[in-house]
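J.:
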Amino acid sequence: MIPPCSEPQQTVVASAVSGPELLTKAYAKFAGAPLKLQRTNNPWWTPTGSLPVFKSGKNVITQPLQILDHLRKQNFNADYGLSPKEGADTLAFIALVEQKLQPALTHAMWLDPVNYVELTRPWHGEAIPFPLNFVLPNRMHHAAEERLRQMRGGDADPMEEAVQSEIYAEAMDCLSLLSHTLGDKEYFFRDSPSTLDAVVLGHVAPLLLAPLPSAKLQQHLKGLDNLCRFCQRILAQYFPQDEQDGPRSKNHQRRQNEPAGSPSEGDHEPHKLRNQLLSLLVAVGAMVGYALFHGLVTIERVGGADTDADIPTEMYPDGGASDDDDGGDS
Numbered sequence: 210m211i212p213p214c215s216e217p218q219q220t221v222v223a224s225a226v227s228g229p230e231l232l233t234k235a236y237a238k239f240a241g242a243p244l245k246l247q248r249t250n251n252p253w254w255t256p257t258g259s260l261p262v263f264k265s266g267k268n269v270i271t272q273p274l275q276i277l278d279h280l281r282k283q284n285f286n287a288d289y290g291l292s293p294k295e296g297a298d299t300l301a302f303i304a305l306v307e308q309k310l311q312p313a314l315t316h317a318m319w320l321d322p323v324n325y326v327e328l329t330r331p332w333h334g335e336a337i338p339f340p341l342n343f344v345l346p347n348r349m350h351h352a353a354e355e356r357l358r359q360m361r362g363g364d365a366d367p368m369e370e371a372v373q374s375e376i377y378a379e380a381m382d383c384l385s386l387l388s389h390t391l392g393d394k395e396y397f398f399r400d401s402p403s404t405l406d407a408v409v410l411g412h413v414a415p416l417l418l419a420p421l422p423s424a425k426l427q428q429h430l431k432g433l434d435n436l437c438r439f440c441q442r443i444l445a446q447y448f449p450q451d452e453q454d455g456p457r458s459k460n461h462q463r464r465q466n467e468p469a470g471s472p473s474e475g476d477h478e479p480h481k482l483r484n485q486l487l488s489l490l491v492a493v494g495a496m497v498g499y500a501l502f503h504g505l506v507t508i509e510r511v512g513g514a515d516t517d518a519d520i521p522t523e524m525y526p527d528g529g530a531s532d533d534d535d536g537g538d539s
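In the numbering used here, the protein residues as written are 210 to 539.
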């Protein structure tokens, strides 16, 4: 491994919840990349309103596969030693996972009505600071629906039963193919984890571990024993603490089981009421600013003596990613 000589400190701002964060952290572990991890569940302050965010000097990257490309350019390459055929197979499987498995994962978490109401929305509502927890989950839900619509050509409604059946059938075929390719090996290629292992882990482990009330795709995965063991083995070896994060968190379950009004950490903090009021003011200001910036609120200037009509003024959202990276490719 040849370390970068003059590369500034590289930081990943991430939560511990979803696949993209796990994919990024796994690749960094496999490649020996020294990353500083900054934990947050609030995407408010990130350039694109999403996580993870990779920062290296002036480079700000938000797409996991582009983060991997950047690390490879810094000589942190988890694929050293792979043959040309294995390298080509890696690219083919990554494309398959992105095109066939990812849409079903998005649907299961964000568009399945039971999972969204009973798991996804409540968890994000608790993880995201007030009052953004009333805004962001719904925004993320609609963004997921639009993303799936575009992936199906722009016309297909991902909420239609026929479209859903097709999405899940393709994902099950993809999982079965991954299981067949893995066989009884510990990793997909050679005797150490590579890029494909990180990509598969980032997509499959969240599906395996999430307590989904509606679990058709998860049940299919649990029937693929070798793929389940693959995820559990890597998580235990590389991320022993991360298994406590996310919807399965013991702290999260404890908070759910605590009766309303029960004392919790920080209840005896001095000036608690003052601090809560200040936090509320800041949060309300942030929510109003967010609504203005993303066009959720339209301000109209009422015409006076020198105007012929009302002139609407809108703040438009930033529609593009600020991926200022050297590489490129989720």
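Every residue gets a Cβ at the ideal spot worked out from N, C-alpha and C, and that includes glycine. Owing to the predicted nature of the structure, the values given are computational and were not obtained by experimental measurement.
Could you confirm whether any beta carbon from chain D is found closer than 8 angstroms to the beta carbon of L391?
T.: Structure shown: chain D not included; a single protein chain is present.
J.: As an exercise, report each continuous beta strand (DSSP E) stretch of at least 3 residues that is fully enclosed by the stretch 357-392, in chain order.
T.: Counting whole runs of 3 or more residues, the stretch 357-392 contains no beta strand (DSSP E) stretch at all.
J.: Going by alpha carbons, who is nearest to H429 out of L291, A313, G290, I276?
T.: Numbered from its first residue, the sequence shown carries residue 429 at position 220. Nearest of L291, A313, G290, I276 to H429, Cα basis: A313.
J.: Between the stretch 384-393 and the stretch 275-287, are three or more C-beta pairs nearer than 8 angstroms?
T.: They do not touch, by the three-pair rule.
J.: I believe A365 touches R358 by the beta-carbon criterion, under 8 angstroms. Please report the beta-carbon distance rounded to the nearest angstrom.
T.: Taking the sequence shown and counting its residues from 1, one reaches residue 365 at position 156. Taking the sequence shown and counting its residues from 1, one reaches residue 358 at position 149. Correct: roughly 7 angstroms between the Cβ atoms.
J.: Do T299 and S403 count as a contact pair if the criterion is CB distance below 8 angstroms?
T.: The residue given as residue 403 occupies position 194 in the sequence shown. The residue given as residue 299 occupies position 90 in the sequence shown. A contact, by the Cβ cut-off of 8 angstroms.
J.: Report the rounded CA-to-CA distance for K238 versus V409, giving the unit in angstroms.
T.: Here residue 238 refers to the residue found at position 29 when the sequence shown is read from its first residue. Here residue 409 refers to the residue found at position 200 when the sequence shown is read from its first residue. Going from the Cα of K238 to the Cα of V409 covers about 15 angstroms.
J.: Taking the C-alpha atoms as reference points, what is the distance between M421 and D288?
T.: Taking the sequence shown and counting its residues from 1, one reaches residue 421 at position 212. Taking the sequence shown and counting its residues from 1, one reaches residue 288 at position 79. Note that residue 421 is Leu in the sequence shown here, rather than Met. So the two alpha carbons sit approximately 34 angstroms from each other.
J.: According to DSSP, is L244 helix, strand or coil?
T.: Counting from 1 along the sequence shown, the entry for residue 244 is found at position 35. DSSP places L244 in strand when its eight states are reduced to three.
J.: Thinking M381 and L426 are a contact (beta carbons under 8 angstroms), I'd like their distance in whole angstroms, please.
T.: For the purposes of this step, residue 381 is taken as the residue at position 172 of the sequence shown. For the purposes of this step, residue 426 is taken as the residue at position 217 of the sequence shown. At roughly 7 angstroms, the Cβ-Cβ gap stays under 8 angstroms, so M381 and L426 are in contact.
J.: Taking the alpha carbon of E230 as the point to measure from, which residue in A301, F398, L320, Q247 has its own alpha carbon closest?
T.: Your numbering for residue 230 matches position 21 in the sequence shown. The shortest Cα separation from E230 among A301, F398, L320, Q247 belongs to Q247.
J.: Here's a check: name, in chain order, each residue in its chain whose Cβ is nearer than 6 angstroms to the Cβ of I276, leaving out the five neighbours to either side.
T.: Translated into the one-based positions of the sequence shown, residue 276 becomes position 67. Once the five neighbours on either side are set aside, the close Cβ partners of I276 are T233, F263, I270.
J.: Taking V409 as part of the alpha helix (DSSP H), name the residues at either end of that continuous run.
T.: As a position in the sequence shown, residue 409 is number 200, starting the count at 1. It spans 404-418 - the alpha helix (DSSP H) in which V409 sits, taken as one unbroken run.
J.: Note the first and the last residue of the continuous beta strand (DSSP E) segment covering N268.
T.: As a working mapping, residue 268 is identified with position 59 in the sequence shown. That run of the beta strand (DSSP E) goes 268-270.
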